[in-house]
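S.K.: When we follow my numbering, the leftmost residue of the sequence shown carries the number -8, and every step to the right adds one. Just passing along the structure, written as structure tokens.
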Amino acid sequence: MSALLLTFLTASCQPTAAPATEAGGYENLTVAQFKEKMDSPEVVVLDVRTPAETAAGKIAGAQELDFKAPNFQEAVGQLDKDKTYLVYCRSGGRSSAAASMMTEMGFTKVYNLTGGYLAWEKE
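Okay, structure coming up:
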């Protein structure tokens, strides 16, 4: 019994590396990785912040698609599922949810900017 308990405690204390691909099927990228992916002409950058947020600044060339809009899912459904999408928001929460939704809808090349636009501005 004590051997089983020791095994459990040892296993539960082991550090684990964070997976590159989230359970939702998308991949989180650092700002440097995001910028590198942006070099491809086949990439679509999606800014899922509100119009008020994007008015204060955004990544050049980004397509705006407000995650909080009532027709967000419908608008995503109109996108080309064969393209690669780089998704970001203010800090990474909404874009993570959007990326997860996109993969559930059949998109296979979806990437989320870790830390969002706040991280982008710091670089």
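Glycine is no exception: its CB is placed at the ideal position from the N, C-alpha and C atoms.
Do you know how far the Cα of leucine 104 is from the Cα of valine 22?
M.R.: 7 Å
S.K.: Which value, in whole angstroms, describes the spacing of the CA atoms of alanine 60 and tyrosine 17?
M.R.: Roughly 22 Å separates the two Cα atoms.
S.K.: Sort Asp30, Gln69, Val36 and Ser31 by Cα distance to tyrosine 108 and report the nearest one.
M.R.: Out of Asp30, Gln69, Val36 and Ser31, Val36 has the C-alpha closest to the C-alpha of tyrosine 108.
S.K.: Of the residues Arg81, Gln24, Lys26 and Asp30, which one's Cα is nearest the Cα of valine 39?
M.R.: Arg81
S.K.: With DSSP as the reference, label threonine 75 as helix, strand or coil.
M.R.: strand
S.K.: Use the C-beta contact count for methionine 93: other C-beta atoms within 10 angstroms, 16 or more gives buried, fewer gives exposed.
M.R.: buried
S.K.: What is the DSSP secondary structure of tyrosine 17, counted as helix, strand or coil?
M.R.: coil
S.K.: Does glutamate 55 come out as helix, strand or coil in the three-state DSSP assignment?
M.R.: strand
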